[in-house]
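The sequence shown begins at 0 in numbering that gives the first Met the number 0 and counts up by one.
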Amino acid sequence: MIIIVGLGNPTEEYAKTFHNMGYMAIDALADKLGKKIKKAECDSLTVTFSRNGEKVVLAKPLTYMNLSGKAVKSLIAKYKATPEEVVILYDDIDIDRYTLRARVSGSAGTHNGMRDIISTLGTTGVKRVRIGIGREGYDLKDYVLSKIKSEDEGEFKKVFDKLSDALNAYLKNADFEALMRAIN
């Protein structure tokens with residue numbers, strides 16, 4: 000079982016903001032796999048399929064960022080998974096823009112969505128891929144909810160392509176260490 004969750008906020012006003020990097024990454028992966036994320040379940044939009052005999056769920060929580068743990072816990076319960084079978088994709092201001100960093104566990108850092116997931120699941124043992132958005136000089140909330148500039152879109156597309164390739168390989172071999180080597 001593999002559950003890959005892209006964090007973001009569900010309404011149109013947030014569609015092209017830095018805080019929706021997880022949504023954009025999951026959409027890029029779904030496109031690469033020829034899948035449509037449209038089933039409503041577990042406070043998320045999902046698509047479910049099998050890869051190499053293993054069930055895979057791609058999900059975009061509809062709970063808003065700061066309550067992401069509710070959707071992740073619901074997905075884990077429905078699919079009888081463990082937190083270790085989940086991979087979370089999300090934006091991170093603490094790493095350079097256009098940079099990817101994967102980890103098998105750890106703290107949430109400054110990210111409230113990841114903080115809620117860790118708190119709700121009661122473990123830091125959740126795989127994650129952080130998508131660097133850097134930090135600019137104004138209020139954190141205003142920055143992460145600001146629209147991505149058109150000059151950044153092409154670079155982020157490259158980031159999502161690289162991440163999609165690494166995640167696609169992960170779906171074939173279930174080797175998160177190899178994913179980390181590919182993107183870190």
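Note that CB positions come from ideal geometry on N, CA and C, so glycine has one too.
For a test of the three-state rule: what should DSSP assign to residue i, helix, strand or coil?
| i | result |
| --- | --- |
| Asp93 | coil |
| Pro9 | coil |
| Val103 | coil |
| Ile147 | coil |
| Thr47 | strand |
| Val125 | coil |
| Lys79 | coil |
| Thr16 | strand |
| Lys37 | coil |
| Ile130 | strand |
| Lys61 | Checking the sequence, you will find Leu at residue 61 rather than Lys. Note: Leu61 maps to coil in three-state DSSP. |
| Glu154 | helix |
| Glu53 | strand |
Around the Cβ of residue i, are there at least 16 other Cβ atoms within 10 angstroms (buried) or fewer (exposed)?
| i | result |
| --- | --- |
| Glu84 | buried |
| Arg127 | buried |
| Arg180 | exposed |
| Leu139 | exposed |
| Thr16 | buried |
| Lys72 | buried |
| Gly108 | exposed |
| Phe155 | buried |
| Gly153 | exposed |
| Ala39 | exposed |
| Val101 | In the sequence as presented, Val is not what sits at residue 101; that position holds Ala. Ala101 should be labelled buried. |
| Ala27 | buried |
| Ala228 | Only positions 0 to 183 of the chain appear in this structure, which leaves residue 228 out of reach. |
| Asp90 | buried |
Between the Cα of residue i and the Cα atoms of the options, which residue gives the shortest distance?
| i | options | result |
| --- | --- | --- |
| Pro9 | Met20, Ile1, Ile3 | Met20 |
| Val103 | Val56, Thr122, Pro60 | Thr122 |
| Cys41 | Ile2, Ile92, Ala27 | Ile2 |
| Val56 | Tyr63, Thr62, Val46, Met64 | Val46 |
| Gly124 | His110, Gly105, Ser149 | Gly105 |
| Ser43 | Asp93, Val4, Thr81 | Val4 |
| Phe159 | Thr98, Ser149, Ala76 | Thr98 |
| Ile92 | Pro82, Gly133, Lys77 | Gly133 |
| Arg129 | Ser149, Ile182, Tyr169 | Ile182 |
| Ala29 | Phe48, His18, Glu11 | Phe48 |
Nearest-angstrom Cα distance between residue i and residue j?
| i | j | result |
| --- | --- | --- |
| Leu32 | Ala58 | 14 Å |
| Ala14 | Ala173 | 30 Å |
| Leu88 | Gly131 | 11 Å |
| Met0 | Phe175 | 13 Å |
| Thr119 | Ala80 | 15 Å |
Answer yes if the segment 149-165 comes into contact with the segment 45-53, meaning at least three C-beta pairs across the two stretches below 8 Å, and no otherwise. No, because fewer than three Cβ pairs between the segment 45-53 and the segment 149-165 fall closer than 8 Å, the two stretches do not touch.
Could you tell me whether the segment 66-74 touches the segment 110-128, using the rule of 3 or more Cβ pairs below 8 Å? Output reads yes: the segment 110-128 touches the segment 66-74.
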